[in-house]
Structures are given as C-alpha cells and as structure tokens.
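Visitor:
Numbering (our numbering), first residue to last: 39 to 747.
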C-alpha cells in the first residue's frame, strides 16, 4: 500500500487515474445495462446479446484505431470528437425504441466512437512515473479497471431498480461525457506526443508478448460478461441479491490488486494469477442456486482479475516501441471488450436455452481456456522482475558520414580520441584527415537502416580488435560484423567504447553459433554476447548457419523474435540460408528475416537467392565479398578499374553497392580500410554491373549450408 500512495502523490498522477476511471466507468455499466435494456425492449436475451456484440465490435475497432490516429492528430484531436459522438449515440439508444437491426447499428456507432482513453493514459503513465512507482501505477490502473467492470454493472442494477433501464443508459452517457472532459483537460494529454510508427497498423500484433496478453485478457475479462449476465438472469436485475453478488466480486478484485501490488512480475506470474479465477468460477457453476456459496465463488474469481490485468499492461508496456504503445494498449482494450461482448452474447444464448447455470459455465470455460493459453505460452512471456516497464524508444536513423576535407585532428589525450572529434561526431559524425565518402544506408523491412559497407571481423584476434575498430571508426566506418564464433565480441565492444563515439552511432551485428541453437539456449547465448560486447542491445542478430542436421533453426528463430520484440536486438536475420531454408522459416513463423548474410562475390553471385531475397524484402549481406582476392585478377574487373581510375577491389565493392547488397569485407590493414571505404566514390554503369555478374561460375568456396552442421 505504501507504494500505491507514493505513486499517486506524484504530480497529476491521481488526476490521471481518477479521471480515466470516470471516463471508462460507463464501459462496465453498459456491459449489463445494454443487455437488460435491449432484453426488456425487444423481449429476448439473444437479441440483446447481438446488440452487445455490435457495440463490442465497434469499440474493438475504436481502441487500436484511436491509438494509432493519436500519433497523427494528437490525443485531444481524437478524444474530443469521439466523446461527443458517443454521448449522442448512447442517448439515442436509451430514448429510441427501434427494431433489432437499427438498434445494433446504433450500438456499433456508439462503440466505434468510445474515446480511446485506455491507450492514451497508459502511454502517459511512463512519462509521469518510473521504476517501482510505474509498476504501482499499472497495478492501481488494473485494480480500478476491475472496479469498472464489476461496480459498473452494480451501478446499472441499482439505477434500474430505482428507476428503469433507460435511466441506466442515460447515466452512462452523462458519466462518459463528464469523465472524458475531465481527462482531456489534464495538462499531460496536451503535452505528451506519441511518435509516428513507420510500421503499418496491426504490425504490433506480430509481437508474441502482445498476442499472448491480448488473448489472455480477452478470455479473463470476457468471463465477467458471462458471469454478470448469469447472476442477473438467475436473481433478477432488480434484486438486492444481484447487487450484493456483484459488489462481492468487486471486493475480490480490489483485494487481489492490493495484495499483489508489490509482488514481482516473473515469467510464471500470469499463469499463477489465473488459478484463483479457475477455482472460483468452477465453484460458481456448482453454486449458482445458493447465493452464499455463489458469493464465495465470485469473490475468489475476482481475486485474479486485477493482478492478471496488471501483468498484461506491464508486459505490453515493456515489450513495444514508444510509437506503437498506444496502439498496443488499444488492442489490449479491444480484446477485453470483445471478450466481454462475446461471452455475454454466448451466455445470453445459453441462458435462454438452458438456464443461468449454463451461462455461468460459459464464464468458467473462458477462464479455463485463459489458464491453458497462459500456461502454453509461458516461454514467450517476459520476466519483468528487474525489467524497465517503459516502452522502448524507436530506433534512430543511422548517422551518415559526411564528405569533405578537414584539418588533421589535434593530438588525442592519453587513452582516447580527440575531445573535439568526439564532440563533432556526436553532432555530425567523425571526420578524419583526407576524403571520407558518404556511407549509404538501406532501409530494412522492419523500418531500421543498415549501412551498406561495414567491416567484417572474422579471424581477427580479440586482442587486436580494439585498435582495429578505433582506426576504422576514425576513417568513417559505422558498421561492424562479429559473431560468437569469432571470439572477438569483447574486443569490438572495447574498441567502440575507446573511440569515444555514441553507441547509437555504431551498427553492431553478431550471430549465434549452431552449438547454441534452440529457444532457451539461444536466449542464453545472446545474453553471453551482450556481456562480451558490453552493450545493452545489438542492431542485428543473426542465426549463423541453418545447421539442418540439428533442425533447430525454427526454435532459434522464435528466440530471435522475442529478443527483437523485447528491444534487445533491433533487427533479426539469418546467415547462410538457402531459398528452401527461408521458405520454411517464413511459412512456419509468418515473418521473413530482415537480412540474409551469405557468401557472395562476382564468381559466386547467387542470382536466384538474391532474387528470392528481394521478393521477400530481405536485405542480402555479402561475406567474403572480394572472394579473398580470387576475383581481383579478372581482366573484366581490371578493365573497369582502369576506366574508373580505381583498384579492382574498389570495383567489386562498387558492384555490391550497385546491386543493393550490403558488403562487409575483412581487413586489418589501415590502407585497405581506407581503400575499401573510398570504393563508395565509384559508381558502375548497368553494363558494367552486368559484365561483373557474367563472371559467375556458380562454384561455392565456403561450406554448403545443406551439409554443414
């Protein structure tokens, strides 16, 4: 409790919490209010369930769509017009007596324009609280949410008992308008900006954490739509027993939220917190005819609700980009609303045909499935015990080295780069003596960018790597390619730190070796790589080889997807994959890798693989791009080099750049580093590109991915 009070004492946190509760309170009222109102108007629980479903579908669209549009029009630009339209639609639902079809259409409009306050406020929370206080705010929010879903129906029943169902709908409309007005006038609603996402709407649902939390929330919160409908059907909407049972379930939810507010959120927490609901709803099915035993059942079931939603909110917040946080929370809200509507509709049909006990069984079934889903997907659920709950920032654009001549930098202080150069780099990029050409970067399918020319570190001794990396950075390199196998990750990290450059201004690729394939082992291997590198994340993480004899690369890919979704690997890809490996990976996972790093040079140009990669928006990265010098004696390449006044190696690298490849030549000699970088000043004509492509022999010099590993 102390953490609760410490959190709400922060400036404006209490206002945000209470205003959003007020604005969202009608959602709980309408879950039963519409059911009872339409049932009395049209005389059928089936018709009432259809109207509830229409309202839920509309609101299901509203939450993620509103969350995405707020990044364009601002929070107030979306919340103000929707709250006005929704209020008018609810008033019309209350006062007009229409057939089922137009009533359902009006309910759909009301749902579609429900203000998207949940994604807005949960995007604001990390801006006003952090650390343990942010965890407490999410727990507080979850507790209040359950109060909404359980006290809301209680309020509807009380109003209907005192007046009628029309008054309940009108009250919901008034509370929605006043609560929304209170919320949108909060200063943070006008100042917090949601960055625009580069990915299409719905892309956040590729995040397995979001999918799991959406599914569990749909089932858990949905169960209360069936439970509430069954209680109302069993004891009557105007019975004091009905109100008491709903109040008791609310107390259970509040108790669960308060008791677990300081509990660590571990990977198993979601599953463990559902157990009380499984036991409580099972007991409620058996005790539907006994209000005393039923009260015990719904209280125990309620204990799970707020703790489960707290974990779901925290997991989503910690697992998505800032630009997609509002949309992700919108989908979470959508799931809860659709779940409530579907469960209420299903329970309505069961009640009409078989009675209240079968409606309660629908709620118990929803909870049981939620438990199974949580248990089966535990490996995709994040361990939040020591994690930051703030959405991760969107990946910044890779800085581009600028072209021009500069004076030699001042002598560096002992043990570091020149201070002036470091400061200048932070603003515009390191500049060094001589010509530093512009390094092009290509956009990956995930929206991140990768420099087209980098430095491969294969077989570079670890103790020599720091000096090599510092020299490369001084010359203008920004892309470094290492791997667990190379045993020089530590040297790369040391070189980056010693150079004085900002971490975000360097692009780091590393790879998992085949002896550590498999889901859990890959996660451990990645942690080991980060420790070696001394970094908090990498820009690109690759499966080094498919290793078909092990046949674990699909599980390994799942681990990479998790690392990407947690923000620890900004992009993920593969290396040495053939077309059939990629086809299987895409078919099984539904996602293509961002990159495929393969042996590629003029004598082995892999046109079929490059075409496949291009068709699937996979960037092709060339290792051994110079064929270890074997192609540099070609008369064709020598002739092009003479025409351009450059070296054969520069022609080959210009060929890679012209084809759209990423090239990572390896060298330890400073003069070769500079020569390779200056290749970017050479542009080959289409005829010259074709002439180099014609050198292809189809002969691989490296290992065959189908036979290696």
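Using N, Cα and C, we set each Cβ at its ideal position, and we do this for glycine too. This one's a predicted model, so the numbers in the text were calculated from it and none came from an experiment.
Starting from residue 225, follow the alpha helix (DSSP H) in both directions and report where the run begins and ends.
Guide: 225-229
Visitor: Determine the contact status of residue 305 and residue 345, defining contact as a CB-CB distance below 8 Å.
Guide: no
Visitor: Below 8 Å, how does it come out for the segment 243-259 and the segment 405-418: are there three or more Cβ pairs, yes or no?
Guide: yes
Visitor: Go ahead and label residue 69 buried or exposed: buried means 16 or more other beta carbons lie within 10 angstroms of its beta carbon, across all protein chains shown.
Guide: buried
Visitor: For the putative contact between residue 155 and residue 221, defined by C-beta atoms under 8 Å, what is the C-beta separation to the nearest angstrom?
Guide: Indeed, because the Cβ distance is near 6 Å, the residues count as touching under 8 Å.
Visitor: Mapping DSSP to helix, strand and coil, what is residue 579?
Guide: strand
Visitor: Would you identify the three-state DSSP class for residue 522, choosing helix, strand or coil?
Guide: In the three-state reduction of the DSSP assignment, residue 522 falls in the coil class, being assigned neither a helical nor a strand state.
Visitor: How many Å lie between residue 740 and residue 514 at the Cα?
Guide: The straight-line gap from Cα to Cα measures roughly 30 Å.
Visitor: Looking only at DSSP bridge pairs, what is residue 639 linked to?
Guide: 642
Visitor: Could you check the C-alpha separation between residue 297 and residue 171 for me, to the nearest Å?
Guide: Distance from the CA atom of residue 297 to the CA atom of residue 171, rounded to whole angstroms, is 16 Å.
Visitor: Quick one, are the C-beta atoms of residue 243 and residue 309 less than 8 Å apart?
Guide: no
Visitor: In the DSSP output, which residue or residues are listed as bridge partners for residue 481?
Guide: Per DSSP, 487.
Visitor: What are the boundary residues of the beta strand (DSSP E) that includes residue 611?
Guide: Unbroken beta strand (DSSP E) run through residue 611: 607-613.
Visitor: Relative to the alpha-carbon of residue 186, which residue among 347, 492 and 120 has its alpha-carbon at the smallest distance?
Guide: The option with the nearest alpha carbon to residue 186 is 347.
Visitor: Within the continuous alpha helix (DSSP H) that includes residue 165, where are the two ends?
Guide: That run of the alpha helix (DSSP H) goes 155-166.
Visitor: By Cβ distance, which residues of its chain are closer than 8 Å to residue 505, with the 5 residues on each side in sequence left out?
Guide: Close CB contacts of residue 505 within its chain, under the 8 Å cut and outside five residues either way in sequence, are with 533 (chain order).
Visitor: If you draw a straight line from the C-alpha of residue 660 to the C-alpha of residue 625, how long is it?
Guide: 24 Å
Visitor: What residue does the alpha helix (DSSP H) around residue 411 start on, and which one ends it?
Guide: 394-414
Visitor: To the nearest angstrom, how far is the alpha carbon of residue 263 from that of residue 488?
Guide: 48 Å
Visitor: Report the partner residues of residue 493 according to the DSSP bridge assignment.
Guide: 518
Visitor: On the CB-based measure, 16 or more other CB atoms within 10 Å of its CB, does residue 392 come out buried or exposed?
Guide: exposed
Visitor: How about residue 272 and residue 383: are their beta carbons less than 8 Å apart?
Guide: no
Visitor: Taking only three categories from DSSP, how would you classify residue 366?
Guide: helix
Visitor: Taking the alpha-carbon of residue 737 as reference, which of 654, 676, 688 and 645 has the nearest alpha-carbon?
Guide: 645
Visitor: Comparing C-alpha positions only, which one of 530, 643, 140 and 224 sits nearest to residue 499?
Guide: 530
Visitor: DSSP three-state label for residue 634, please.
Guide: strand
Visitor: By the DSSP assignment, the alpha helix (DSSP H) with residue 660 in it spans what residues?
Guide: Looking at the DSSP string, residue 660 is not in any alpha helix (DSSP H); the run it does join, the beta strand (DSSP E), is 657-661.
Visitor: Would you check if there are 3 or more beta carbon pairs closer than 8 Å linking the segment 200-212 to the segment 125-133?
Guide: yes
Visitor: Report yes or no: do three or more beta-carbon pairs, one from the segment 277-290 and one from the segment 372-389, lie closer than 8 Å?
Guide: no
Visitor: In the DSSP assignment, find the unbroken beta strand (DSSP E) run with residue 546 in it and report its ends.
Guide: 545-550
Visitor: Spatial neighbours of residue 337 within its chain, please: CB distance less than 6 Å, with the 5 preceding and 5 following residues excluded, ordered by chain position.
Guide: If we look at residue 337 and ignore the five residues flanking it on each side, its Cβ neighbours are 286 and 290.
Visitor: Is residue 650 closer than 8 Å to residue 743 when the C-beta atoms are compared?
Guide: No, Cβ-Cβ distance for residue 743 and residue 650 is not below 8 Å.
Visitor: I'd like to know whether the C-beta atoms of residue 656 and residue 639 end up nearer to each other than 8 Å.
Guide: Contact: no.
Visitor: Could you name each continuous alpha helix (DSSP H) segment of 4 residues or more that falls completely within the segment 324-378, going from the start of the chain to the end?
Guide: 329-357
Visitor: Would you mind giving the Cβ-Cβ distance between residue 267 and residue 389, rounded to the nearest angstrom? I have them listed as a contact below 8 Å.
Guide: 7 Å
Visitor: Using the Cα positions of residue 637 and residue 490, report the straight-line distance between them to the nearest angstrom.
Guide: As the crow flies, the alpha-carbon of residue 637 is around 16 Å from that of residue 490.
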